[in-house]
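Okay, so here's the structure we're looking at.
Number of protein chains: 2
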Amino acid sequence: MASTPEENLKRFTFERILNQGTLFPLLSIETTYNHLDTRSKSINLLGHISRSAAVLIAEKTCFDAKDLSPLLSSLQISLLDKNDIYHWFLVSSLPSNDASIFAFTTGAKVTLIYPATPQHIAKYSQQSLRMIVETPSIYEKHIKPYIAAKRGEGRLNWVYNILTHAAETDRIIVEDPDPAEGFILLPDLKWDRKTMSAMYTMAIVHRRDVASLRDLTKQDAAWLRRVQQKIVEGIYEKYPGEVEEDQIKCYVHYQPSYYHFHIHAVHVAHDGGEGQAVGRALLLGNVISQLEVMEEGKGFKDLELTYFLGEESELWQGVFGKTKSRAMRP
Amino acid sequence: MASTPEENLKRFTFERILNQGTLFPLLSIETTYNHLDTRSKSINLLGHISRSAAVLIAEKTCFDAKDLSPLLSSLQISLLDKNDIYHWFLVSSLPSNDASIFAFTTGAKVTLIYPATPQHIAKYSQQSLRMIVETPSIYEKHIKPYIAAKRGEGRLNWVYNILTHAAETDRIIVEDPDPAEGFILLPDLKWDRKTMSAMYTMAIVHRRDVASLRDLTKQDAAWLRRVQQKIVEGIYEKYPGEVEEDQIKCYVHYQPSYYHFHIHAVHVAHDGGEGQAVGRALLLGNVISQLEVMEEGKGFKDLELTYFLGEESELWQGVFGKTKSRAMRP
């Protein structure tokens, strides 16, 4: 008589792990960025049932309680780390005589931001996304002035502090000091600077005339190719034996989070979620080859760009959401 | 005297949920695709401690046991669904008198593939990725013949069956029967066809002369723009009130998983992980605008394309890995 599926599952004999979510970043401040490792709550196992191979994939379920606060008093809480208003805890079930339950369920990492500002609350709130099409004329009329405002009134001082060695000098990984060609590569705050498969760095160029992708023209292609080469070689030389050149992925954001041209360089194994998704990120290699085949004098300012925006973003609120409302009027 | 962080955490008073991973796809077969919802194991809460606002972010931890099989016998197992060799279970802690522990830890979704083939084992195994640069000449010399082989010997029969209404007719969401202009849009197997924020569809074009992105030329731009418009309008009309046109994201893969041109159309809220990452996916809107600014007669065959490949893939094993080994020889 055939076994039931439940009986089969109980007869699963473990052989080896096929794949597992990394434990990183349990101790990092990555949680402050709402940027999760997609693979971190699952495990794929190879085993057998009778004489047949079997693959078992286990994936943690969602929280099924809405208000967790009454539970906190009955659970074990240990502080992992603390930085200003950010506190990181590991919260787990009370020690049980039945060790198997504990091992299977483990617990949760809890981040407490206290006191929290309205900006924190907005950042961690659900946000609906919209696809938008930014034509060259919308860029000229609405986005360029917005970018200019975002570059004014000292808002980029933190960038200039890095570029002039007034701040974060000890964090520099790779540097090319040439004012026209060069850049400074720093670890992103998301990275613990140890786990190479989670490597996340950012190269800020010395040139101050490129606010975003939109300012790149055909004549910048050769410069960008050199910058990409220097980033990749620089990281490879800085971490010998830990990462190879073809394990480094370079991309840019449009819209970026600040308007001084910068390049994200990450380990290709890094599953970056929204930050690496099409509609937000563009692969630097493809940006360069796209520039190379453009006609003389052309650049990204001449292209229609499609991307997604949060409904809470200034650009949706101030530009695209308004256009949409107008277009929908009779 | 100031409270300790642990004391503060225990004093957290719940106000409302800011954001929560969706429960989808607990009952879907999405797990067979190793494609996880990044947001499904965390919850962001707003509350207060004394009179200050506080944000609490809880995130399930990874499995800390390698061999789960000894645990299975002591846990509650319920079969959720079954299809051929695929079995889906919900595994949870034994009912405890302490309901809070149960609510906090919940359990895991377990997929059992039994019997499993070597292809299943490879699919669920960890794979190292490499960034590669495919020049126009590598494309002509190595990739084009590879694609031709992948299109031969009936390998696309399942696609032609869909296009000729010989199969999956009842699953069609949108159809434009024109042989030169048209396409058939179907739900992807990843989608449960109910949860709109997880909408995942695929449009297969009727044209048989486009194997991949590489075959698109400037003169295809207008056709693609019409196809995109029809996909977006078609989905909007099929699901009135459930999804808006600017909530639909269209993209293509390079390399694709099969070599008959097709477009992925998903809900913009769908966090697609690797399948939507730069280096694998290209946003259709940007592909179109890139074609539009190309010179007459040019196309994606004339571009250098950068993307990532798994080391187990045929193209890494057969082409790029070999080139790399040769380049590294003295």
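Residue numbers (the numbering used here), protein chains in the order written: chain A, 129 to 458; chain B, 129 to 458. All residues carry an ideal CB built from backbone N, CA and C; glycine is no exception.
Looking at chain B, is there any beta carbon in it that lies within less than 8 angstroms of the beta carbon of threonine 323(A)? no
According to DSSP, phenylalanine 217(B) sits in a beta bridge with which residue or residues? In DSSP, phenylalanine 217(B) forms a bridge with Leu207(B) and Val238(B).
Contact list for phenylalanine 311(A) against chain B, beta-carbon separation under 9 angstroms: Those within 9 angstroms of phenylalanine 311(A) in chain B number zero; the least Cβ separation is about 19 angstroms.
Quick one, which of Leu433(B), Lys237(B) and Pro273(B) has its alpha-carbon nearest aspartate 186(A)'s? In the sequence under discussion, the amino acid at residue 186(A) is alanine, which differs from the aspartate named in the question. Nearest option by C-alpha distance: Lys237(B).
Kindly indicate if chain B contains any beta-carbon less than 8 angstroms away from that of arginine 413(A). Checking the sequence shown, residue 413(A) turns out to be glycine, not arginine. So yes, glycine 413(A) belongs to the interface.
Using CA coordinates, which residue listed in Asp374(A), Ala308(A) and Leu184(A) is at the minimum distance from phenylalanine 389(A)? Ala308(A)
Give a yes or no on whether the minimum CB-CB distance between serine 441(A) and chain B is below 8 angstroms. It does not: the Cβ of serine 441(A) has no partner Cβ on chain B nearer than 8 angstroms.
Interface residues of chain A facing glycine 407(B) [CB-CB closer than 7 angstroms]: Lys377 and Leu411
Looking at the secondary structure, which residues open and close the alpha helix (DSSP H) in which arginine 354(B) lies? 349-366
Between leucine 314(A) and chain B, is the shortest Cβ-Cβ distance under 8 angstroms, so that the two count as touching? It does not; no Cβ of chain B falls within 8 angstroms.
Check whether chain A comes within 8 angstroms of glutamate 432(B), counting only Cβ atoms and requiring the distance to be less than that. yes
Here's a check: name, in chain order, each residue in its chain whose Cβ is nearer than 6 angstroms to the Cβ of glycine 407(B), leaving out the five neighbours to either side. Tyr435 and Phe436
Check the Cβ of valine 183(B) against every Cβ in chain A and list those closer than 7 angstroms, keeping chain order. Ile241, Ala244, His248, Ile249 and Tyr252
Neighbouring residues, chain B, relative to serine 180(A) (Cβ below 8 angstroms): Tyr242, Pro243 and Ala244
When burial is assigned at 16 or more other CB atoms within 10 Å of the CB, is tyrosine 367(B) buried or exposed? exposed
So glutamate 134(B) contacts chain A; which residues on that side make the cut at Cβ distance below 7 angstroms? Ile205 and Leu207
DSSP state of isoleucine 157(A) mapped onto helix, strand, coil: Residue placement at isoleucine 157(A) is flagged as unreliable, the pLDDT there being 28, under the threshold of 50; a coordinate-derived value is accordingly withheld.
Skipping 5 residues on each side, what residues in its chain have a beta carbon closer than 6 angstroms to that of lysine 377(A)? Val394 and Val396
Give me the Cα-Cα distance between proline 384(B) and arginine 342(B), rounded to the nearest whole angstrom. 11 angstroms
Strictly by DSSP, which residues pair up with methionine 259(B)? Phe436(B)
Against asparagine 172(A), what residues of chain B qualify as contacts under a CB-to-CB distance less than 7 angstroms, listed in chain order? Tyr252
Could you round the C-beta distance between serine 220(B) and leucine 203(B) to whole angstroms and report it? I think they count as a contact, below 8 angstroms. Right, their Cβ atoms sit about 7 angstroms apart.
If I'm right that serine 180(A) touches tyrosine 242(B) with Cβ under 8 angstroms, what's the distance once you round it to whole angstroms? 6 angstroms
Which residue wins for smallest C-alpha separation from phenylalanine 142(A), given the options Glu134(A), Leu431(A), Ala182(A) and Pro133(A)? Looking at the Cα atoms, Ala182(A) is the closest of the given residues.
First and last residue of the uninterrupted beta strand (DSSP E) at valine 333(B): 328-333
Taking the beta strand (DSSP E) that proline 315(B) falls in, what are its first and last residues? 311-315
Tell me, please, which residues DSSP counts as bridged to serine 131(A). None, per the DSSP bridge assignment.
Have a look at methionine 327(B) and proline 315(B) and give me their C-alpha separation to the nearest angstrom. 8 angstroms
Where aspartate 430(B) and glutamine 418(A) are concerned, what is the direct C-alpha to C-alpha distance, given to the nearest angstrom? Those two C-alpha atoms are separated by around 10 angstroms.
Can you give me the start and stop residues for the alpha helix (DSSP H) that leucine 419(A) sits inside? 412-420
Can you check whether the C-beta of histidine 215(B) is within less than 8 angstroms of a C-beta belonging to chain A? yes
Run down chain B in chain order and give the residues with a C-beta less than 8 angstroms from the C-beta of leucine 146(A). The answer, in chain order, is Ile249, Tyr252, Ser253 and Gln254.
Thinking C-beta only, is valine 302(B) closer than 8 angstroms to glycine 362(B)? yes
Rounded to whole angstroms, what is the Cα-Cα separation between tryptophan 444(A) and threonine 239(A)? 29 angstroms
Quick one: list the residues of chain A neighbouring lysine 426(B), beta-carbon separation under 7 angstroms, in chain order. Val421
Could you check the C-alpha separation between asparagine 225(A) and isoleucine 145(B) for me, to the nearest Å? For asparagine 225(A), the pLDDT reaches just 43, beneath the cut-off of 50, and the residue's location in the model is therefore unreliable, although a value from the coordinates is still provided. Whole-angstrom Cα-Cα distance: 33 angstroms.
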